[in-house]
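Everything in the sequence shown is counted per the working numbering, starting at 59 for the first residue and increasing by one.
Below is one structure, written out as structure tokens; the observations come after it.
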Amino acid sequence: MGSSESPTLSSSTNVAGLIVDDNSTFVDSLPIYVRELIAGGAAGAFAKTAVAPLERIKILFQTRTDGYRSLGVCRSLKKVLDQEGIHGLYKGNGASVLRIVPYAALHFMTYERYRIWLYDNCPSLGTGPVVDLLAGSAAGGTAVLCTYPLDLVRTKLAYQVVDRRSTFRSCGNTSPSYSGIHDVFRRLYNEGGVRSLYRGVGPTLVGILPYAGLKFYIYEELKRRVPEEHQNSIVLRLSCGALAGLFGQTFTYPLDVVRRQMQVENLQSGGVRYQNTKEGLIGIVQIQGWRQLFAGLSINYMKVVPSVAIGFTTYDIMKSWLNLSPDHKQRISTG
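Encoded structure:
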């Protein structure tokens, strides 16, 4: 057995090289949209897990959980760590990852599909940022509708606070705690069927359509202003994506607060209060003050930058592994 007879199996590096660089039959046999799904899902999972502790604190702020309303980010993180341990910082992250993998995968893939469809069927729109705005909005709406129940489950798990140092619940809720993702799904379905699994989807859609559209629009517009020789810079992509995320979040954040409060209303005294997005916005301003519409926004800023950075980097690496050529303009990474 001479080494020349099996050069591609001489080391793991060569095997990896076969997959990435030598037109592997397996990878190349996968449709482009499947590879986009895999790359987007992996990017979403890594990014979401990295910022899970900040996401937990943001939800506690948004839902005005007892004991956390007047605390800052650092003190809130320390309190959760003291009461619930490391596990508490990642409570709800299992449901979050289960949601973000299909969500990010669908978001990336459908954005590419919608954009190509617009190019082919609406030539009057050209190839400028308007296409990115429309394709991004449509992709965001599609991903939300397909994965919203998992977001609802994540919120309910993150909302409940149990002090492991004692036998009482510290958040002041009277409902029994959920034991896990399956338990939340079961009890939600028993409460109101499929309809209850989409509680708060209205403000989610109202928020995601402009947010997703603006994110893609701003990202692409920023990239167009960069010299051609720097277009493939990872640092540049991270910077453009972070700015796009920051602007998009600021404009649509109040809708996210309404969504969170609608998702946990049945866990709070008084039951359901808001019937729709408009009523939720007005009610929060009148009862809790306009500042509540931006509760947790500073945390969102803190998590958007590393989340986008990790998401972009992971997506770029996955594209290389899956032979998604970075020089295809219609498939540049967007976060």
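Even glycine gets a Cβ: it sits at the ideal position worked out from N, Cα and C.
In this text the structure is predicted, and so the values were computed from the model without any measurement.
Roughly how far, in whole angstroms, is the beta-carbon of I357 from the beta-carbon of I96, given that I think they are within contact range, below 8 angstroms? What you label residue 357 is simply residue 299 of the sequence shown in a count that begins at 1. What you label residue 96 is simply residue 38 of the sequence shown in a count that begins at 1. Actually they do not touch by this definition, with Cβ atoms about 30 angstroms apart.
Leaving out the 5 sequence neighbours to the left and right, which residues in its chain are closer than 8 angstroms to L263 when beta-carbon positions are compared? As a working note, residue 263 is residue 205 in the sequence shown. Sequence-distant Cβ neighbours of L263 in its own chain, meaning closer than 8 angstroms and more than five residues away, are G199, V202 and L203.
Secondary structure at S235, three-state DSSP: helix, strand or coil? For the purposes of this step, residue 235 is taken as the residue at position 177 of the sequence shown. Correct three-state label for S235: coil.
Smallest Cα separation from Q319: which of G341, A270 and Y172? Along the sequence shown, one-based indexing puts residue 319 at 261. That would be G341, whose Cα lies nearest to the Cα of Q319.
Tell me which same chain residues have a C-beta within less than 6 angstroms of the C-beta of L246, skipping the five on either side of it? In the sequence shown, residue 246 corresponds to position 188, counting from 1. Within the same chain, L246 has close Cβ partners S254 and L255.
Skipping 5 residues on each side, what residues in its chain have a beta carbon closer than 7 angstroms to that of A197? Start at 1 with the first residue of the sequence shown, and residue 197 comes out as number 139. Around A197: H165, T168, Y169, Y172 and A270.
State the DSSP-derived secondary structure class of T213, mapped to helix, strand or coil. For the purposes of this step, residue 213 is taken as the residue at position 155 of the sequence shown. Three-state result, T213: helix.
Kindly indicate which three-state DSSP category A129 falls into: helix, strand or coil? Locating residue 129 in the sequence shown gives position 71, counting from the first residue. Checking the sequence shown, residue 129 turns out to be Leu, not Ala. DSSP places L129 in coil when its eight states are reduced to three.
If we ignore side chains and look at the alpha-carbon of each, how far apart do C229 and D124 end up? Taking the first residue of the sequence shown as position 1, residue 229 is located at position 171. Taking the first residue of the sequence shown as position 1, residue 124 is located at position 66. Annotation note: pLDDT 46 at C229 (below 50); position unreliable, coordinate value reported separately. Cα to Cα, the separation comes out at about 5 angstroms.
Thinking C-alpha only, which one of Q120, E113 and T308 is nearest G347? By one-based count along the sequence shown, residue 347 stands at place 289. Nearest option by C-alpha distance: Q120.
For S87, does the count of other Cβ atoms within 10 angstroms reach 16, so buried, or fall short, so exposed? Start at 1 with the first residue of the sequence shown, and residue 87 comes out as number 29. Burial call: exposed.
Reduced DSSP category for V316 - H, G, I as helix; E, B as strand; rest coil: Position 258 of the sequence shown, counted from the start, is the residue given in the question as residue 316. Here V316 sits in helix by DSSP.
Would the beta-carbon of G34 fall within 8 angstroms of that of V159? This structure cannot settle anything about residue 34, because the visible part of the chain is limited to 59 through 393.
Is it true that the stretch 265-282 meets the stretch 179-197, where meeting means three or more beta-carbon pairs spaced less than 8 angstroms apart? yes
Quick one, are the C-beta atoms of V242 and K214 less than 8 angstroms apart? Walking along the sequence shown from the start, residue 242 turns up at place 184. Walking along the sequence shown from the start, residue 214 turns up at place 156. In contact: V242 and K214 (Cβ atoms closer than 8 angstroms).
Going along the chain, which unbroken runs of the alpha helix (DSSP H) with 4 or more residues stay wholly within the stretch 166-212? Qualifying alpha helix (DSSP H) stretches: none in this window.
Just curious, the alpha helix (DSSP H) that Y275 is in, first and last residue? By 1-based counting over the sequence shown, the position of residue 275 is 217. V259 to R282 is the span of the alpha helix (DSSP H), which, as asked, contains Y275.
Give me, in chain order, the residues of the same chain whose beta-carbon lies closer than 6 angstroms to that of Y148; leave out the 5 immediate sequence neighbours on both sides. In the sequence shown, counting from the first residue as 1, residue 148 sits at position 90. Excluding residues within five positions, the ones whose Cβ falls inside 6 angstroms are A110.
Applying the 10 Å Cβ sphere with the 16-neighbour rule, what's the burial state of D314? By 1-based counting over the sequence shown, the position of residue 314 is 256. When all chains shown are included, D314 counts as buried.
Once DSSP output is grouped into helix, strand and coil, what is the label at S291? Here residue 291 is taken as the residue at index 233 of the sequence shown, counted from 1. Coil at S291, not helix or strand.
Taking the straight line between their C-alpha atoms, what separation do you get for V211 and A153? Mapped onto the sequence shown, residue 211 falls at position 153. Mapped onto the sequence shown, residue 153 falls at position 95. One C-alpha to the other measures close to 7 angstroms.
Compute the distance between the beta-carbons of I266 and D374, then report whether it is under 8 angstroms. By 1-based counting over the sequence shown, the position of residue 266 is 208. By 1-based counting over the sequence shown, the position of residue 374 is 316. No. Outside cutoff.
In whole angstroms, what is the alpha-carbon distance linking N381 and S182? One-based indexing of the sequence shown puts residue 381 at position 323. One-based indexing of the sequence shown puts residue 182 at position 124. Roughly 32 angstroms separates the two Cα atoms.
With L339 and V322 assumed to form a contact (beta carbons below 8 angstroms), what rounded beta-carbon distance in angstroms separates them? The residue given as residue 339 occupies position 281 in the sequence shown. The residue given as residue 322 occupies position 264 in the sequence shown. 17 angstroms between Cβ atoms; not a contact.
Option nearest Q350 by Cα separation, candidates Y277, E287, E337 and P312: Numbered from its first residue, the sequence shown carries residue 350 at position 292. Taking only the C-alpha atoms, the option nearest Q350 is P312.
In three-state DSSP terms, what is V366? Here the question's residue 366 lines up with position 308 in the sequence shown. DSSP places V366 in helix when its eight states are reduced to three.
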